[in-house]
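What follows is a single structure, written as structure tokens, with notes after it.
Residue numbers (our numbering): 6 to 222.
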């Protein structure tokens with residue numbers, strides 16, 4: 006202490022070093038996802054829950070006619086009719102930020118289509134109800150089905166399985182596997198490819214960008 010008083014420059018240097026170490030620890034604690042896998046792909050399972058985007062902005066149109074859906078698809082090719090807040094509506098995209106959703110609304114309005122925005126959070130009933138249900142698992146070993154698979158290192162499978170369940174997938178339809186395509190988390194089965202593709206897009210929206218559709222057992 007006496008040395009620090011006699012030599013204030015040394016004290017400042019020591020304090021600066023301490024501040025740098027503290028800042029480094031805080032950065033690593035908040036951003037462990039800054040460490041990349043050997044493949045160059047960010048390992049999503051290492052991202053803290055609060056860093057994964059929880060809010061999404063859904064654009065919808067009040068209506069369910071085939072003619073209206075056809076017009077909406079000129080702006081949003083993947084638009085589809087779904088149940089939203091207890092009513093049949095046309096979903097015209099889910100976006101990470103409100104500004105992007107507002108641009109979609111303006112694009113629809115330019116075609117004479119009125120649209121609205123609703124903010125959704127993962128694992129809420131309103132959002133999960135947008136997605137197709139899984140089919141029963143009794144005949145999994147007897148026939149081929151559609152699934153969503155999320156490849157990952159063995160050490161990450163449990164974290165990814167938990168994340169998939171956290172964003173709303175039924176636990177009975179999520180499991181870890183090592184065969185036939187290496188380590189992955191399997192979600193499904195689904196009755197049709199389009200159902201699996203919608204779940205695939207949903208999971209990708211929440212950061213699981215390496216999810217893909219798989220047909221098999």
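C-beta atoms are modelled at their ideal positions from N, C-alpha and C, and glycine is treated no differently. Just so we're clear, the structure is a prediction, and the values are computed from it rather than from any experiment.
So which of the options has the shortest CA-CA distance to residue i?
i	options	result
residue 67	83, 96, 115	96
residue 161	205, 213, 197, 195	213
residue 194	73, 222, 173, 169	222
residue 219	169, 152, 177, 172	152
residue 105	173, 61, 166, 73	61
residue 110	181, 204, 63	63
residue 116	107, 80, 177	80
residue 207	163, 164, 124, 172	172
residue 182	163, 198, 92, 199	163
residue 150	201, 71, 92	201
residue 209	114, 100, 123	100
residue 124	217, 107, 113, 82	107
Buried or exposed: which applies to residue i, given that a residue is buried once 16 or more other Cβ atoms fall within 10 Å of its Cβ?
i	result
residue 84	buried
residue 65	buried
residue 184	exposed
residue 205	buried
residue 203	buried
residue 197	exposed
residue 94	buried
residue 102	exposed
residue 58	In this predicted model, residue 58 has a pLDDT of only 44, less than 50, meaning its place in the structure is not dependable; the value taken from the coordinates is given anyway. With fewer than 16 other Cβ atoms within 10 Å, it is exposed.
residue 33	Because residue 33 sits at a pLDDT of 40, beneath the cut-off of 50, its placement in the model cannot be relied upon, and the following sentence gives the value as read from the coordinates. Exposed, since its Cβ has fewer than 16 Cβ neighbours within 10 Å.
Among the residues of its own chain, which have a CB less than 6 Å from the CB of residue i, if the five just before and after it don't count?
i	result
residue 179	166, 169, 170, 192
residue 216	153, 155, 205, 208, 209
Can you give me the Cβ contacts of residue i inside the same chain, cut-off strictly under 8 Å, excluding the 5 residues immediately before and after it?
i	result
residue 118	66, 73, 76, 77, 80
residue 69	86, 93, 94, 95
residue 98	63, 64, 81, 83, 84, 106, 109
residue 114	120
Near residue i, which residues of its chain fall below 7 Å by C-beta distance, leaving aside the five closest residues on each side in sequence?
i	result
residue 121	65
residue 112	80
Exercise. Evaluate the contact criterion for the segment 189 to 196 versus the segment 149 to 161: three or more CB pairs, one atom per stretch, below 8 Å.
Key: Cβ pair count under 8 Å is three or more, so yes.
| task | Identify every run of the beta strand (DSSP E) within the segment 85 to 127, keeping only runs that are complete inside it and at least 3 residues long; order them along the chain. | result | Counting whole runs of 3 or more residues, the segment 85 to 127 contains the beta strand (DSSP E) stretches 85 to 89, 92 to 100, 121 to 126.
Fill in: beta strand (DSSP E) runs contained entirely in the segment 187 to 212, provided each spans 3 or more residues
For the segment 187 to 212, whole beta strand (DSSP E) runs of length 3 or above, ordered along the chain, are 189 to 195.
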